[in-house]
Structures are given as C-alpha cells and as structure tokens.
Amino acid sequence: MRSTLISRRDLDFLLYEWLRVEELTALPRFTEHSRDTFDGFLDLCEDLATRHFATHNKRNDSNEPTFDGETVTIIPEVKAAIEAFTKANLVGAAMDEEIGGLQLPATVEAAGFCWFQAANVGTTGYLFLTVGNANLLAAHGTPEQIDRFVKPMVEGRFTGTMCLSEPQAGSSLADIVTRAEPQADGTYRLFGSKMWISGGDHELTDNIVHLVLAKIPGGPAGTKGISLFVVPKFLVAEDGSLGARNDVVLAGLNHKMGYRGTTNTVLNFGEGKHNPDDAPGAVGYLVGEPHRGLTYMFHMMNEARLGVGLGATALGYTGYLKSLDYARERRQGRTVSAKDPSAPQAPIIEHADVRRMLLAQKAYVEGALALLLYCNRLVDLERTTTDPAAKRDHTLLLEILTGVAKSWPSQWCLEANSLAIQVHGGYGYTREYDVEQHYRDNRLNPIHEGTHGIQGLDLLGRKVIQHDGASLRLLAAQIEQTVLAATEAGGEWTEFGGQLDAVWQRLLTVTGWMFASGDIAAAMANSSIYLEAFGHVVVAWVWLEQALAAHGKDGDFYDGKRAAARYFFRYELPKTTPQLDLLELMDRTTLDMRDAWF
Numbered sequence: 001m002r003s004t005l006i007s008r009r010d011l012d013f014l015l016y017e018w019l020r021v022e023e024l025t026a027l028p029r030f031t032e033h034s035r036d037t038f039d040g041f042l043d044l045c046e047d048l049a050t051r052h053f054a055t056h057n058k059r060n061d062s063n064e065p066t067f068d069g070e071t072v073t074i075i076p077e078v079k080a081a082i083e084a085f086t087k088a089n090l091v092g093a094a095m096d097e098e099i100g101g102l103q104l105p106a107t108v109e110a111a112g113f114c115w116f117q118a119a120n121v122g123t124t125g126y127l128f129l130t131v132g133n134a135n136l137l138a139a140h141g142t143p144e145q146i147d148r149f150v151k152p153m154v155e156g157r158f159t160g161t162m163c164l165s166e167p168q169a170g171s172s173l174a175d176i177v178t179r180a181e182p183q184a185d186g187t188y189r190l191f192g193s194k195m196w197i198s199g200g201d202h203e204l205t206d207n208i209v210h211l212v213l214a215k216i217p218g219g220p221a222g223t224k225g226i227s228l229f230v231v232p233k234f235l236v237a238e239d240g241s242l243g244a245r246n247d248v249v250l251a252g253l254n255h256k257m258g259y260r261g262t263t264n265t266v267l268n269f270g271e272g273k274h275n276p277d278d279a280p281g282a283v284g285y286l287v288g289e290p291h292r293g294l295t296y297m298f299h300m301m302n303e304a305r306l307g308v309g310l311g312a313t314a315l316g317y318t319g320y321l322k323s324l325d326y327a328r329e330r331r332q333g334r335t336v337s338a339k340d341p342s343a344p345q346a347p348i349i350e351h352a353d354v355r356r357m358l359l360a361q362k363a364y365v366e367g368a369l370a371l372l373l374y375c376n377r378l379v380d381l382e383r384t385t386t387d388p389a390a391k392r393d394h395t396l397l398l399e400i401l402t403g404v405a406k407s408w409p410s411q412w413c414l415e416a417n418s419l420a421i422q423v424h425g426g427y428g429y430t431r432e433y434d435v436e437q438h439y440r441d442n443r444l445n446p447i448h449e450g451t452h453g454i455q456g457l458d459l460l461g462r463k464v465i466q467h468d469g470a471s472l473r474l475l476a477a478q479i480e481q482t483v484l485a486a487t488e489a490g491g492e493w494t495e496f497g498g499q500l501d502a503v504w505q506r507l508l509t510v511t512g513w514m515f516a517s518g519d520i521a522a523a524m525a526n527s528s529i530y531l532e533a534f535g536h537v538v539v540a541w542v543w544l545e546q547a548l549a550a551h552g553k554d555g556d557f558y559d560g561k562r563a564a565a566r567y568f569f570r571y572e573l574p575k576t577t578p579q580l581d582l583l584e585l586m587d588r589t590t591l592d593m594r595d596a597w598f
C-alpha cells in the first residue's frame, strides 16, 4: 500500500537519479556504505515512522504535556517511540563511528528523517534537537564533554536542547542577560531565564543536556560577549554516573497551536531550588573559548534551519498525499463536459480546479524536498573534501541557500497544507481529518529558527554581499550550468531555461541597483519580498534540474515530474515579476508609515 507520509519513489528519484548519492561511497568517509545500506536505512525509517510515530500523532496533539508544578506528564507512546528510534541507533545516523554513529551521508539521513517529521513532529522534536545538540558538541566540545554528554545522547540515554531566547529579548540575542559567573574549579554558575525552549523538561530520558547562551561578566557588549555552556539537568560524574540535580527549574509550559506533543518551556537557571552543592547558580561548562558562543551555536542553528525546512516540507508533503487520496475517493458533482444530470458523480480529482490545487501542492513539496536534499549534499561535500578551495565553495553556496531552504518551504509548504484543507472541503477543517493538524503544526515553521523577516535581512544584508559577492557568484554558476543543459535538451526545456536565465539576470541587476542606490534602509525594508523572489528563482532552478533528470524517461512518475516543472514555470515563477518591479522602485511605503496612522 502506498504511504501517505512521503513518496519513497520520489526519494529514490532525488537521491539516485538526480543527486547520485551512490557516488559518495567513493569518498573515504562513506566507503563502508552502498546503495543497499542506504535503502536499508530508508526502509527502516519508513517502518519505524509508520509503526511508532504516525500511530500516536493525533493523540499527541489532543493530549499535550501537562505540568503539575513538579513533574511533566507525557503520553506513554512518546517514550516508546523515542526508545524505538534510539535502539535503532538513528540519533547517530550521520555522526562519526568513533562516537557511536553510523557515518551515513547527511543527504541520506535527511531523506530518512523526513519520514518521522511527516509522521509526528511533536515526538520527533525531542530527537532532532538532540541530534543537533550532539553534533555541535562533537564539533566544538572537549573530549571529556563528548564522553560525558555526546555519547549518552547518541545512545539515547540523554536528550538535548538549545537555549537562546529570553523573555525580554526574543530573537534579539544581543540583549540576553543570562550571566555565567566563573568558578575556581573552572566551571561556571549560571543565572537567568530562557523562553521557548523546546524539549526543555520531561521524564523521557535519564538526563537533558542544555546548550545555553550566556554572558560572562566583564565581556564585550552585544553578541560579541556571548559564550556557550553545557548545563545538564543532572550533573554527570567522571565515570558517567548521574549526580545531583542541577539548578535548572521548569517555570512553566507554553501552549502552542501546533507541535503540541513537544514540551515548550520557560526555564530558570540558578533560582536556588536545586543547588547541587549548596552554592548558588546552575553548574555550567564552557564550550570552546569565551565570547565565541554565538559562532558555535550557529553550528546547531544552521543545522536546525535545514531541519525546520525539512520539517515544513514533510508536513506539506503528507498533507498533499492525503488530499490526493481524498480527491481520488471523494465523489461530488460532475465535470463541466458532463451533460446528463443523472450520471454518477465524478471523483473530485476530475475537476480542473482540484487538479490545480493538487498540482500546486506537488510543485511546492517536491520542489522543497529537492532543495533540502541538495543542501544536505553540500553538507556532505563540505565535510569530506580535502581541497580547501572546494571546501570554501561548498560552504559559501550552502550559506546562501540555508536561509532560503528554511524559509521557502515554511511559506509554500504551509500553503500546500492550506490547499490540502481546501481539497477536503468542509471536512478539511474538522479535527477528524489529519490535514487540519498538519496546517497548525506547519504554521510554527515560518517563526522557528529565525523568522521570515530575519532570514530576509540576513540574505540581502549579509549573504548576497559576503566575500564580495562570492556566494552569489557560485550560485549563479550553478544556475548557468543548468540553463546550458536545458538548452541542449531542447523543446520546452530550452524555453524554460531561457525564462529562468532572464529572471535570474534581472534579480542580479535589481540586487546591484538596491545597493548602488545608497538607500540601505529602503532596501532592507523590502528584504522579505527579496527573499520570496529569490526563493522562487532558486526553486525554479531546482525544478529545471529535476525535469532534466527525468528527460527522456517514460512512465507516469516522470510525466508527473514534467507536469509539475511546467506548472512551476508557468504559474509560479512569473510571480517574481511584480516583486522585482517593487524592489527596483526602492519603495518606502513601509518606512514612511507612522505609528499614529495605524
């Protein structure tokens, strides 16, 4: 029976026919792997997600965690699912063998993990935060920190979090006030509060490893004075045994519209409830050097941004597949060509507008999935290359695409969820059908890990101009290669290649004009529009890449790929024209608006 979580056929096409991930097995890091191990991993992920995660997704949503002032209570299926995941050693899927990982390519890991996000984002949240936490410490922690905290996370005994935001600061990390007081023994004592901490407290594992941003007194002002600390819920002795409860206290749970199965917490550090040795403050261990905490945390944040994009894609994808099944089964009305009112009602997929909505969903979710897997392939190449110039190129290309890979799926796969509800009609917004929950879950992703506005400012204000435009030039070279290949393919692909090239060249011209004008405030005021236009161009490029990979191949699957590519170029890419018109005008409407006028 075909899954309604993710299309395995699409994953196989993207991994093996487009990205050719089997070629990665020629690299020393992946020589122990093959197409068979990749397929086995994907099979395992589909099986576990279907049997252990999807089965309690709705119950997880309707029975969210509760807190009685002392203990968090979570439905038992969550713990069982986490244990199934960790027993399969999936936390360490792409991690080094030396710390207990499977050392799979990140591309294959992402393809497998999207099954879990489609099945149950609430339960999956605990696990994927742990993966990101462990990856950061594996990269920047000391050998002792890796032994004490990373290996137990890989084994599934500990989970991990990231603690950035504070009630008064939100996304403005320069304004955090949590402080870390140095101690004579080399540890630190932390005092402060952190807000919106997913997975911040629970009884699912033996311990929780918090990665906390804080400022050491006397350090530089703003973000340059931020340091990073490991602050465990329970202290861990040198032999790995658990010690005293650390002074990390759950102040309360936040109640969200989606992701309801993941505890979202307010944590107080150093309030005096659990002083482990009768001294005030939560015990913390510095990661790396003082005042470089934000640099280290970006390791986890950028990984999390790709994870958010993948999660948004997975939610859009499962909504698409469920609305597709519904449209094939639901009979209502007759097509416009049917003249006999007594004829049987048609499946609604026979109605052109329903096909339009399904085709739009297909274009959004399959385009987004391709983009996310492409970015993860860059992660693999960056990690494995021994050529410094090639490594720099992979890094710069990944940097300019990461914000797009986070924000574009968060916007357009959410729109796919909206269309899935529309296909269901009145049933779509009832809780009896999954698509209602998928929309609520996905609505969080345009905010997670840097809002749409923050990503726009970062793209236009930093990424397109960094290193004298090196990232933009690298992306331009990739697009130019695809346009050339489309020209050689002939037919409509030559036409679409020319269309892509024309829009891309105009985007580059408008980008240069925005900076040449000297009105940086006006340019930045419209950076979200820039991000949307940029994202649509990037996904058009990815769709042309998919069409070329399908070129000359017969069958319904390949016909569907060609139809979705055609849809994107004819219905979606033209949306960038008025956006680029607006950007070229350097419009100041939003800047000139005054508070009193609202």
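The C-terminal residue of the sequence shown carries number 598 in UniProt numbering, and the numbering is unbroken.
Positions of the beta carbon are idealized from the N, C-alpha and C atoms, including for glycine.
Continuous alpha helix (DSSP H) stretch holding Ala389: start and end: 388-424
Just how far apart, CA to CA, sit Val209 and Ala420? 38 Å
Which residue wins for smallest C-alpha separation from Gly288, given the options Leu137, Asp201, His394, Leu583? Leu137
Helix, strand or coil: how does DSSP classify Lys151 here? Reduced to three states, the DSSP call for Lys151 is helix.
Would you mind sorting residue 600 into buried or exposed? The rule is 16 or more other CB atoms within 10 Å of its CB. Because the chain spans 1 through 598 in this model, residue 600 falls outside it and cannot be assessed.
Among Asp185, Leu508, Ala84, whose alpha-carbon lies nearest the alpha-carbon of Glu480? Leu508
I'd like to check one pair, Thr402 with Asn305: are the Cβ atoms closer than 9 Å? The question names Asn, but residue 305 is Arg in the sequence shown. With respect to Thr402, Arg305 sits close: the two C-beta atoms are nearer than 9 Å.
Could you tell me which of Asn246, Ser517, Val483 sits nearest to Gln505, measuring between CA atoms? Val483
Contacting residues, own chain, Cβ-Cβ under 7 Å from Asn526 (five flanking each side not counted): Leu582, Leu583, Asp587
Leu104 and Phe13 look like a contact to me (Cβ under 8 Å); what is the Cβ gap, rounded to whole Å? About 19 Å separates the two Cβ atoms, so there is no contact after all.
Relative to the C-alpha of Thr223, which residue among Ser172, Met195, Gly309, Phe234 is closest? Ser172
Please classify Gln579 as buried or exposed, where buried requires at least 16 other C-beta atoms within 10 Å of its C-beta. buried
At least 3 beta-carbon pairs within less than 8 Å: the region 274-281 vs the region 422-431: no
Rounded to the nearest angstrom, how far is the Cβ of Val131 from that of Val177, given a contact under 8 Å? Rounded, the Cβ-Cβ distance is 29 Å, inconsistent with contact.
Do Asn442 and Ala312 have their beta-carbon atoms positioned less than 9 Å apart in this structure? yes
Do Pro152 and Gly240 count as a contact pair if the criterion is CB distance below 9 Å? yes
Give me, in chain order, the residues of the same chain whose beta-carbon lies closer than 6 Å to that of Phe116; leave out the 5 immediate sequence neighbours on both sides. Ala49, Phe53, Thr124
So Lys463 and Glu399 are in contact, right, with Cβ under 8 Å, and what is the actual spacing, rounded? 6 Å
Buried or exposed: Gly552, going by 16 or more other Cβ atoms within 10 Å of its Cβ? exposed
Who are the near neighbours of Ser528 in its chain, counting only those whose CB is closer than 7 Å to its CB and skipping five residues on each side? His452, Gly453, Gly456
Can you tell me whether DSSP reads Gly497 as helix, strand or coil? helix
Which runs of the alpha helix (DSSP H), 4 residues or longer, sit entirely within the UniProt domain "Acyl-CoA oxidase/dehydrogenase middle" (162-267)? Uninterrupted alpha helix (DSSP H) stretches at least 4 residues long and entirely within the UniProt domain "Acyl-CoA oxidase/dehydrogenase middle" (162-267) do not occur.
Whether or not the region 347-358 and the region 69-81 are in contact is what I'm after, with contact meaning three or more pairs of Cβ atoms, one per stretch, closer than 8 Å; do they touch? no
Just list the residues that DSSP pairs Pro347 with in beta bridges. Arg331
Nearest by alpha-carbon distance to Glu415: which of Leu359, Gly469, Glu382 is it? Leu359
I'd like to check one pair, Leu372 with Ala110: are the Cβ atoms closer than 9 Å? yes
According to DSSP, residues forming a beta bridge with Val308: According to DSSP, Val308 bridges with nothing at all.
Could you check if Pro446 is buried or exposed, using at least 16 other CB atoms within 10 Å of its CB as the buried criterion? It is buried - the Cβ of Pro446 has at least 16 other Cβ atoms within 10 Å.
Look at the alpha carbon of Gln437 and the alpha carbon of Asp61, and state the distance between them as a whole number of angstroms. 8 Å
If you run the structure through DSSP and keep just helix, strand and coil, what is Leu78? Reading the sequence as shown, one finds Val at residue 78 and not Leu. DSSP places Val78 in helix when its eight states are reduced to three.
Closer than 6 Å by C-beta to Gly535: which residues in its own chain qualify, once you throw out the five before and the five after it? Chain order, please. Val404, Trp408
Could you check where the alpha helix (DSSP H) with Leu582 kicks off and where it finishes? 576-585
Report the rounded CA-to-CA distance for Asp595 versus Thr511, giving the unit in angstroms. 29 Å
Start-end ranges of the alpha helix (DSSP H) lying completely within the region 69-135, minimum 4 residues: Those alpha helix (DSSP H) runs which fall completely within the region 69-135 and span 4+ residues are 76-87, 106-119.
Distance, Met297 Cα to Leu250 Cα: 22 Å
Separation of Gly490 from Tyr433, as counted between CA atoms: 44 Å
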